[in-house]
Each structure stands twice: as structure tokens, then as C-alpha cells.
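One structure is given here, and the rest of the page talks about it.
In our numbering, the protein residues as written are 14 to 386.
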């Protein structure tokens with residue numbers, strides 16, 4: 014029996030009260046707010062469960078078992094941690110006294126079914142035409158971020174977009190806690206590490222960026238940009254590693270650019286604000302904006318091209334696709350689709366110039382061969 018199987022069994026033992034929720038394929042998240050209050054998400058809605066843990070001690074034991082599995086620490090000097098369960102589910106833990114109601118576990122369940130673009134089209138997250146447009150800009154190595162709030166499906170969409178990357182490319186994935194699952198054969202996964210008990214041995218996402226640039230990547234994918242590593246991402250985009258992808262918390266494409274700019278300023282480089290803004294404006298080419306709708310569904314709300322800075326020094330965006338609602342069903346489900354705004358991207362001839370004309374089918378109105386002189 015290997016160590017992963019040992020921890021799989023021990024984790025299920027410590028988490029026994031919520032195992033039925035973890036085993037339910039319709040449940041996407043389990044939120045433990047202390048031993049006596051457990052919520053779960055199903056079909057985009059939160060529900061209060063009647064399940065409880067026997068005691069605060071049993072819940073704390075479960076938290077420490079999870080921490081041990083991912084070689085992390087939860088104690089008075091380490092009030093929280095990000096990790097994962099042996100099945101790949103993402104976990105955030107925060108313990109008292111920082112959490113007043115007791116140990117809190119936030120578990121984002123690992124989706125065993127593989128996400129691809131066709132599945133996003135089939136479940137109504139985007140239109141087939143928009144999916145073709147995204148395929149073209151991915152193959153053209155346009156830099157993009159997937160933006161949205163918590164629980165909008167950023168990781169799922171990033172996984173789906175990654176399936177569009179040609180299989181001959183070398184991809185380096187950098188994450189705080191490993192969650193992405195790419196299907197390409199030449200993919201390397203790098204995971205940040207917390208400091209050991211003596212305070213040494215920490216490996217940050219910024220450290221991994223330095224490593225990745227020496228590993229001859231064709232693409233660099235970052236699971237989520239949260240801190241000063243945004244500057245490394247932006248500079249890698251500008252230094253020849255085009256086609257990079259990342260996720261970021263933001264509610265609009267312009268906010269996504271502002272968020273990246275702010276995170277760049279959190280680095281220890283001491284970059285002037287106007288320089289950070291110019292670099293983000295030069296590097297970022299597309300934002301795929303996600304939203305959670307009133308019926309609990311997660312969809313692509315817009316696909317926006319970033320056009321640098323306007324004359325006032327503000328980020329300029331151009332929506333290429335936007336979601337248009339057409340009504341609701343009697344059950345309250347929002348109906349609608351992602352439609353073209355009738356605005357062409359700034360590179361209408363590039364797919365043909367790069368030999369990708371065979372991919373232009375549903376998007377012929379957006380792209381056209383260069384005219385012969």
C-alpha cells in the first residue's frame with residue numbers, strides 16, 4: 014500500500030461525517046464552519062446540511078491529517094493553509110483563534126470528468142462560435158487571463174482552454190496548490206511549498222517562475238495570480254513567452270487589468286505605478302470574463318480584447334462576445350447565449366497569415382484573408 018492510498022483511507026476516516034457529501038457527484042463544494050454547521054453546494058446553490066462533526070477535536074484532527082498529507086502545518090504559528098485531498102479536491106483550512114466558530118474547511122471538489130470546450134458549449138457556458146474564436150486566439154499565442162469571482166468556474170474554463178494548446182508544445186504549470194489537469198503529453202507541474210517547521214524551505218510561485226523560464230517553456234500557465242508573482246507573469250509575457258494563461262479574481266475585464274497592475278506593485282521590485290500599468294497594458298491581450306448567474310449557473314459573460322491604454326492612460330477594452338439573456342424558464346433558469354458584438358478583433362488577417370485559415374469556419378465574419386495588392 015503506497016502513501017497516497019494510506020492518506021486516502023485516513024482522510025476518509027477523519028472526514029467520515031461529510032464523506033456522503035464528498036461522494037455525491039452532484040455536490041461541488043463542502044463548507045465546514047466549525048463542527049456544528051456544514052453547508053454544501055449543489056446545482057450552484059448552497060444548502061445547509063444536518064450533518065455535524067462529533068466534536069471540535071475530531072474536526073481539528075481531520076484538518077491536521079489533511080495538512081500532513083500535503084506536508085503543511087496548522088498550529089498557533091500557522092493559522093491557515095491551502096492544500097488538497099488525495100483525490101485532488103482543493104481544501105482551505107483556517108483554525109482558531111483566527112476562526113471564531115472553530116475549524117473551517119472549504120473543500121472544492123475535484124471534477125473527475127474532463128472539461129473541454131465541447132462540454133462548455135453543451136452545458137450552455139458559451140456558444141460554438143465563441144469556442145472557435147477562443148481556439149484561434151489560443152493557437153495564435155495571445156496572452157489571456159480568465160477572470161471572475163469565487164466559484165465562477167475559472168479553473169474549469171482554464172482547463173478547457175488548455176485543451177486547445179497544440180500537443181507539440183511544452184507547457185509549464187505553476188500553482189499554489191496543484192489543481193489543473195492538462196491533457197497534453199509535454200506538461201510539467203510546479204507547486205509552491207510552505208516553509209518547514211524551522212521557517213526554511215519555502216518555495217514561492219515567484220521562485221517557480223524563475224525556474225520555469227530556464228526550462229524552455231512554450232507556454233506558462235498559472236493557476237491563480239494572487240500576489241507579486243503577477244509581475245513575473247507580465248514580464249514573461251513580454252519577454253517572448255506568449256500564449257500565457259492565468260486566472261485572477263475580477264468582475265470586469267478592465268478590473269482584471271487593474272488587479273494585475275495592483276498585484277505587480279505588491280512585488281519587492283519597487284516598480285513605479287505608471288510602469289506597472291504600461292507593462293500590463295502591453296502584455297495582456299484578452300480577458301475571458303466569467304459570472305455566476307441568478308439561477309446558479311456559471312457562464313462566460315464576455316470575451317474582451319485589451320487594446321492598451323487610451324489617451325487618458327486608462328485601460329481600453331473591446332468586447333468581441335457578450336452574453337445576451339433571452340428570458341428565463343418557468344423553473345427560473347436563465348436562457349441566452351454568447352453572441353458576437355459585430356466588432357472585429359484588431360488582427361482580422363492573422364489567422365490566414367499564420368496558416369490557420371482552415372480553423373476559420375463559424376467565425377468567418379470576424380476574420381478574413383488579407384487582400385491582394
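Here a beta-carbon is modelled for each residue, glycine too, at the ideal position from N, C-alpha and C.
Candidates 232, 261, 236 and 240: which alpha carbon is nearest residue 253's? Nearest option by C-alpha distance: 232.
In whole angstroms, give me the CA-to-CA distance for residue 132 and residue 310. Answer to the nearest angstrom: the Cα atoms are 14 Å apart.
Check whether the stretch 199-210 touches the stretch 165-185, taking contact to mean three or more Cβ pairs, one atom from each stretch, closer than 8 Å. Here the stretch 199-210 lies against the stretch 165-185, with 3 or more beta-carbon pairs under 8 Å apart.
If we count the other Cβ atoms within 10 Å of its Cβ and call it buried at 16 or more, is residue 371 buried or exposed? Classification for residue 371: exposed.
Tell me the rounded alpha-carbon separation between residue 281 and residue 108. Between residue 281 and residue 108, the C-alpha separation is close to 29 Å.
Measuring only the C-alpha atoms, how far is residue 115 from residue 17? Residue 115 and residue 17 have their C-alpha atoms spaced approximately 28 Å apart.
Span of the alpha helix (DSSP H) around residue 79: Annotation: the continuous alpha helix (DSSP H) that includes residue 79 extends over 69-82.
So within the stretch 169-238, which uninterrupted alpha helix (DSSP H) runs reach at least 4 residues, ignoring any that extend past its ends? With a minimum length of 4 residues, the continuous alpha helix (DSSP H) runs that stay inside the stretch 169-238 are 218-226.
With which residues is residue 306 paired in a DSSP beta bridge? Residue 306 is not bridged to any residue.
Can you give me the C-alpha to C-alpha distance between residue 105 and residue 300, rounded to a whole angstrom? Approximately 27 Å, taken between the alpha carbons.
Assign residue 260 to one of two classes, buried (16 or more other C-beta atoms within 10 Å of its C-beta) or exposed (fewer than that). Residue 260 comes out buried.
Residue 287 in three-state terms, based on DSSP: Correct three-state label for residue 287: helix.
Spell out the partners DSSP gives residue 159 in its beta bridges. BP columns for residue 159 point to 260 and 301.
If you draw a straight line from the alpha carbon of residue 350 to that of residue 285, how long is it in whole angstroms? Straight-line Cα distance between these residues: approximately 41 Å.
Whole angstroms are fine: how far does the CA of residue 274 sit from the CA of residue 110? About 33 Å.
Beta strand (DSSP E) runs contained entirely in the stretch 97-149, provided each spans 3 or more residues: The stretch 97-149 contains these whole beta strand (DSSP E) runs: 103-107 and 117-121.
Suppose contacts are defined by Cβ-Cβ distances below 9 Å. Is residue 53 in contact with residue 43 by that definition? Here residue 53 is near residue 43, since their CB atoms are less than 9 Å apart.
Strictly by DSSP, which residues pair up with residue 54? According to DSSP, residue 54 bridges with 42 and 59.
When you compare the CB of residue 367 with every CB in chain D, is at least one pair closer than 9 Å? The structure shown has no chain D; it contains just one protein chain.
Distance between residue 378 and residue 167 (C-alpha atoms, nearest Å): Cα to Cα, residue 167 sits roughly 28 Å from residue 378.
DSSP on residue 24, reduced to helix/strand/coil? Looking at residue 24 - three-state DSSP - the assignment turns out to be helix.
Could you tell me whether the stretch 19-39 touches the stretch 51-69, where touching means 3 or more Cβ pairs closer than 8 Å? Because the criterion of three Cβ pairs below 8 Å is met, the stretch 19-39 and the stretch 51-69 touch.
DSSP-derived helix/strand/coil call for residue 16: Note: residue 16 maps to helix in three-state DSSP.
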